[in-house]
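Below is one structure, written out as structure tokens; the observations come after it.
Number of protein chains: 4
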Amino acid sequence: SDNFFLLAGPCAIEGEDMALRIAEKVLGITDKLNIPYIFKGSFKKANRSRIDSFTGIGDEKALRILRKVSETFDIPTVTDIHEVSDAKMAAAYVDVLQIPAFLVRQTDLVVAAAQTGKVVNLKKGQFMSPEAMQHAVQKVKDSGSDKTWITDRGTMFGYQDMIVDFRGIPTMKEYAPVVLDVTHSLQQPNQSEGVTGGRPEMISTIARAGIATGADGLFIETHFDPTNAKSDGANMLDLSRLEKLLTDLTAIRKVIKSL
Amino acid sequence: SDNFFLLAGPCAIEGEDMALRIAEKVLGITDKLNIPYIFKGSFKKANRSRIDSFTGIGDEKALRILRKVSETFDIPTVTDIHEVSDAKMAAAYVDVLQIPAFLVRQTDLVVAAAQTGKVVNLKKGQFMSPEAMQHAVQKVKDSGSDKTWITDRGTMFGYQDMIVDFRGIPTMKEYAPVVLDVTHSLQQPNQSEGVTGGRPEMISTIARAGIATGADGLFIETHFDPTNAKSDGANMLDLSRLEKLLTDLTAIRKVIKSL
Amino acid sequence: SDNFFLLAGPCAIEGEDMALRIAEKVLGITDKLNIPYIFKGSFKKANRSRIDSFTGIGDEKALRILRKVSETFDIPTVTDIHEVSDAKMAAAYVDVLQIPAFLVRQTDLVVAAAQTGKVVNLKKGQFMSPEAMQHAVQKVKDSGSDKTWITDRGTMFGYQDMIVDFRGIPTMKEYAPVVLDVTHSLQQPNQSEGVTGGRPEMISTIARAGIATGADGLFIETHFDPTNAKSDGANMLDLSRLEKLLTDLTAIRKVIKSL
Amino acid sequence: SDNFFLLAGPCAIEGEDMALRIAEKVLGITDKLNIPYIFKGSFKKANRSRIDSFTGIGDEKALRILRKVSETFDIPTVTDIHEVSDAKMAAAYVDVLQIPAFLVRQTDLVVAAAQTGKVVNLKKGQFMSPEAMQHAVQKVKDSGSDKTWITDRGTMFGYQDMIVDFRGIPTMKEYAPVVLDVTHSLQQPNQSEGVTGGRPEMISTIARAGIATGADGLFIETHFDPTNAKSDGANMLDLSRLEKLLTDLTAIRKVIKSL
Chain A
1 SDNFFLLAGP CAIEGEDMAL RIAEKVLGIT DKLNIPYIFK GSFKKANRSR IDSFTGIGDE
61 KALRILRKVS ETFDIPTVTD IHEVSDAKMA AAYVDVLQIP AFLVRQTDLV VAAAQTGKVV
121 NLKKGQFMSP EAMQHAVQKV KDSGSDKTWI TDRGTMFGYQ DMIVDFRGIP TMKEYAPVVL
181 DVTHSLQQPN QSEGVTGGRP EMISTIARAG IATGADGLFI ETHFDPTNAK SDGANMLDLS
241 RLEKLLTDLT AIRKVIKSL
Chain B
1 SDNFFLLAGP CAIEGEDMAL RIAEKVLGIT DKLNIPYIFK GSFKKANRSR IDSFTGIGDE
61 KALRILRKVS ETFDIPTVTD IHEVSDAKMA AAYVDVLQIP AFLVRQTDLV VAAAQTGKVV
121 NLKKGQFMSP EAMQHAVQKV KDSGSDKTWI TDRGTMFGYQ DMIVDFRGIP TMKEYAPVVL
181 DVTHSLQQPN QSEGVTGGRP EMISTIARAG IATGADGLFI ETHFDPTNAK SDGANMLDLS
241 RLEKLLTDLT AIRKVIKSL
Chain C
1 SDNFFLLAGP CAIEGEDMAL RIAEKVLGIT DKLNIPYIFK GSFKKANRSR IDSFTGIGDE
61 KALRILRKVS ETFDIPTVTD IHEVSDAKMA AAYVDVLQIP AFLVRQTDLV VAAAQTGKVV
121 NLKKGQFMSP EAMQHAVQKV KDSGSDKTWI TDRGTMFGYQ DMIVDFRGIP TMKEYAPVVL
181 DVTHSLQQPN QSEGVTGGRP EMISTIARAG IATGADGLFI ETHFDPTNAK SDGANMLDLS
241 RLEKLLTDLT AIRKVIKSL
Chain D
1 SDNFFLLAGP CAIEGEDMAL RIAEKVLGIT DKLNIPYIFK GSFKKANRSR IDSFTGIGDE
61 KALRILRKVS ETFDIPTVTD IHEVSDAKMA AAYVDVLQIP AFLVRQTDLV VAAAQTGKVV
121 NLKKGQFMSP EAMQHAVQKV KDSGSDKTWI TDRGTMFGYQ DMIVDFRGIP TMKEYAPVVL
181 DVTHSLQQPN QSEGVTGGRP EMISTIARAG IATGADGLFI ETHFDPTNAK SDGANMLDLS
241 RLEKLLTDLT AIRKVIKSL
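Residue numbers (my numbering), protein chains in the order written: chain A, 1 to 259; chain B, 1 to 259; chain C, 1 to 259; chain D, 1 to 259.
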């Protein structure tokens, strides 16, 4: 397909039923639009601001749900890992291992992910320049793998805002395929109540700019009911809005590929 | 026209011949693409980093050249003003008065510009949020005019870099038509040698993101020979690359308007 | 005196009585502490966020009050200027002409100030690096004057916060004596209501760091009743707290000079 | 002692001899100045920009050297940990477990450190506000420990610079004792060659501001020969300059405590 690819799903795997329902709904849309779809779900949330935030339903249980989604719909899956020991475990269940932005400078973790032979999706640290991501990519290559993506999830702008530097997309495409994470790019961290805020009304704006500047893929967290999701509700896209969004982006992608 | 409009021309008016030649060349392209064209040229550069930088050929002389361009090609013109006394003077020659980003908080200047009845093009300060521009627009309205545009020219990011926050485009469109200045958005200020640097290879990236996110107009400084231009050479677009750029952007605009 | 010098007074000259009372109160403290004192007051506020903000009591009237303060207490005075024509006018009344941060890149204004022969107090733009201030200082020197100070008033940090980079103090001391403006360094601009906020509880922290890193002078806006001041109430120091603050800073200064 | 305390030592433990020599040298100075001294050394560098950077001499070997230093000079030691499994291992050898800035949002790691009963030194993420550190401190408390420090190591300012926000010192002192890391606060990350740069000439400036604003402790990486150190040479203090630095800071501390 000449279209962009999509990593989408809920922030965290909350249960099998919700995972299957979200995957089915997204796949119905992406099939129509010829968008390669990778189901996304975290099996564990390791970096919550507060210790009382939701962190998951159990590692193996969540990973088994990811496999179930993959087998049910014949689609690849992606999840994020946080410690070296997660790499092998998660690789037994999913197709893409994602390195969280906070952890992308942890060499051991990147190497462990690369050594599984799975695709390694490196999130750009919100404290890193696009150019600095070449060193993270090089660590994957030096581990004997050439399967790596870079995902931009915005850059710190003052204490309580993130900004997307779209110059980073062509810059990082020189190192690896580039995904734009429209969900986390719109976070507003360090809020006084200890819960990250967001600006979901800007999802379409950020996604359009991403496709227009050549992003190879998009990352979107989506949920039937973002307000009641157990994590990251502030920025997840309501599933009912996904089809219109992807249809518009497909039209932009088509003209971009024709230039 | 459903297309975006274009403010383009050299950074500074260096002479009549160069002004006419640039206008003619740009107009040849914009006519073909159905892009409303406003010729841009500064009659004075008032805020150079160093006192020995080029500041202009003489105020009235430069303004007369702007009028000559307007009459020769039957197109509107825009120039920037720096003091209250400039407003009336420049308004006698041009159609749009531009308030430089550094000066957009100077109430007297904004009011003086508004009172001429000309369109006031307010550049967003590189130290201002998109939301803060509503107060600048309000000053124009309170002066009895509703003819105002906002131009984004990037936001300070560290000492030596600018970044464009594309969330600002839909935000500022609620206040007035929004122009994206692709030339100054790519500046890299505060360089050690006292001359502002730039990243002109990113012009296409920034412009595409701007059109994709709904910018109403573009601002592009262009020159037959940017390297030898008397100011801002670091970011001006070589005129030979303008047609391809505008053709691509017109295609993106068309699909955006259709969504 | 080996002590730092102090620029202090109300944000704007609201009337003769308040000016004289503030000067008298401050002078009573600075005399005791051997702090050279320059009375500060703006004769006009030209860059308010909103057109309905207070801008002054009349230029000449305010300037005459500044002269009255100077003559009454035999102390120098400082005020800020905004247009070339202000330079000569203000120079007839005060000893130090201050270039506002937003305007420090306006060459004509800096040159006009320098040509009066008065001390030129250049405020570092919140969008400028400490190193870039050498070019502003050079413009004063190229105008035939060597009487210049640099005042740091913080640097933009995200849209709604300012930060003081204390590396800038030794850096800028290589170009000219450096003043730290503790009032404006604590501003929080671009607030949604169009009125700049602040963090006055941090005045002592910022001032101590300034003296400890070698600042030659301090700039403090102060008022008997900051909450009811006609501008910048958010950050002005209550006069009742000034003596303790300056006493502490004098003690730090003494040890710093002894190292 | 009323003096600040000091965490100091080489960036990485390169060998027993260098560790003992550095500890002895520092202790000679701190004893004289009545500065409580904690020897610092990393047993592993896990987050180097490039895979070919030095990462350590072997975990257990380095940890045994830390214990040797502790026993030889009867001083406490601190080292940083990167994975949950490091916590218990390192706690068997050292007195303070340090959570690196990149990892301070990893709940499992913070909890594991807290559960050892050792002091947990939480480095403020360069992407975190001072206020957000209260949530990290709370995770230690919720794990049943009240032994925690916060260390500020600067905040991201653009892609290639760090800045210290001294407002953070009084802010974070409300949560726990605050240490200022003068070494890493002066880093200049994301340099094009993949090696972090620095501004060691600013160590004294940053340290003075820290003590003046109430920091409880300082963190300084130091080495007999920084240029030839195996990591972080760009910012380590030459040991020959330590005594003068600490003597000056002790004088400032004394006056600060007297205010």
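Don't be surprised by glycine CBs; every beta carbon is placed ideally from N, CA and C.
Just so we're clear, the structure is a prediction, and the values are computed from it rather than from any experiment.
With respect to the 9 angstroms criterion, B/Ile38 and B/Leu63 are not classified as neighbours on the basis of their beta carbons. Residues of the segment 141-170 of chain B with a Cβ closer than 8 angstroms to any Cβ of chain D, in chain order: Phe157, Gly158, Tyr159, Gln160, Asp161.
Sequence-distant partners of D/Ser129 (beyond 5 residues in either direction) whose C-beta falls short of 7 angstroms from its own C-beta are missing from its chain. D/Arg105 and D/Gly125 have their alpha carbons spaced roughly 8 angstroms apart. Per the C-alpha coordinates, the member of B/Asp17, B/Pro10, B/Phe157 positioned closest to C/Met162 is B/Phe157. Excluding its 5 nearest sequence neighbours in each direction, C/Leu103 has C-beta neighbours in its own chain below 7 angstroms: His82, Leu109, listed in chain order. Where D/Leu180 is concerned, the enclosing beta strand (DSSP E) starts and stops at 178-181.
Judged by beta-carbon spacing, B/Ile169 lies within the 9 angstroms limit of B/Thr213, meaning their Cβ atoms are closer than that value.
In this structure A/Asp59 touches A/Phe43 by the C-beta definition: roughly 5 angstroms separates them, less than 8 angstroms. Shown here for C/Lys68: same chain residues with a beta carbon closer than 8 angstroms to its own, the five before and five after excluded, namely Glu16, Ala19, Leu20 in chain order. Assignment of alpha helix (DSSP H) within the segment 115-192 of chain B, counting only whole runs of 4 or more residues, yields 133-142, 168-173 in chain order.
The C-beta distance from B/Phe73 to B/Leu218 rounds to 19 angstroms, too long to fall under 8 angstroms, and the pair is not in contact. Put simply, the backbone Cα of C/Phe224 is about 57 angstroms away from that of A/Leu239.
In this structure, B/Leu245 places its C-beta atom within 9 angstroms of the C-beta atom of B/Ser204.
The Cβ-Cβ distance between B/Asp146 and B/Asp165 does not fall below 9 angstroms. Judged by their CB atoms, C/Gln98 and C/Val78 are nearer to each other than the 9 angstroms cut-off. Between the alpha carbons of A/Val94 and A/Glu131 lies a gap of roughly 29 angstroms.
DSSP places A/Ser85 in the helix class (H, G or I) of the three-state scheme. Each residue's CA atom was taken as its position, placing C/Val137 and B/Val195 some 15 angstroms apart. Residue pairing for C/Ile38: DSSP places it in a beta bridge opposite C/Leu7. Contact of A/Val84 with chain D by beta-carbon distance below 8 angstroms involves Glu83. The beta carbon of B/Gly197 sits closer than 6 angstroms to the beta carbons of Gln188, Gln191, Ala234 from its chain, once the five residues preceding and following it are set aside; these are given in chain order.
Per the coordinates, the alpha-carbon of C/Thr155 lies some 6 angstroms from the alpha-carbon of C/Phe127. Close CB contacts of C/Ala207 within its chain, under the 8 angstroms cut and outside five residues either way in sequence, are with Leu180, Val182, Leu218, Ile220, Leu245, Leu249 (chain order). Interface with chain A (9 angstroms Cβ-Cβ cutoff): D/Ala46 is included. For B/Ile99, the enclosing beta strand (DSSP E) has its first and last residue at 96-99.
In this model, B/Ala113 and D/Ala209 are separated by some 45 angstroms (Cα to Cα). Taking 8 angstroms as the upper bound on Cβ-Cβ separation, chain A lies near residues Pro189, Asn190, Ser192 of the segment 172-192 of chain D.
D/Leu218 sits in a strand when the DSSP states are folded into three classes. Shown here, B/Leu237 sits in a strand according to DSSP, grouped into three states.
At a C-beta separation below 9 angstroms, D/Ala8 has no neighbours in chain C, since its nearest C-beta there lies roughly 20 angstroms away.
Any Cβ of chain B closer than 9 angstroms to the Cβ of A/Leu259 would place that residue at the interface, and such an atom is present.
Leaving aside the five residues that flank A/Ser1 on each side, the residues in its chain whose CB is nearer than 8 angstroms to its CB run, in chain order, Asn34, Ile35, Pro36. No Cβ of chain A is located within less than 9 angstroms of the beta carbon of B/Gly197. For A/Val26, no pairing in a beta bridge is given by DSSP. Using a Cβ-Cβ cut-off of 9 angstroms, C/Asp108 counts as an interface residue toward chain B, since at least one Cβ of chain B sits closer than that to its own.
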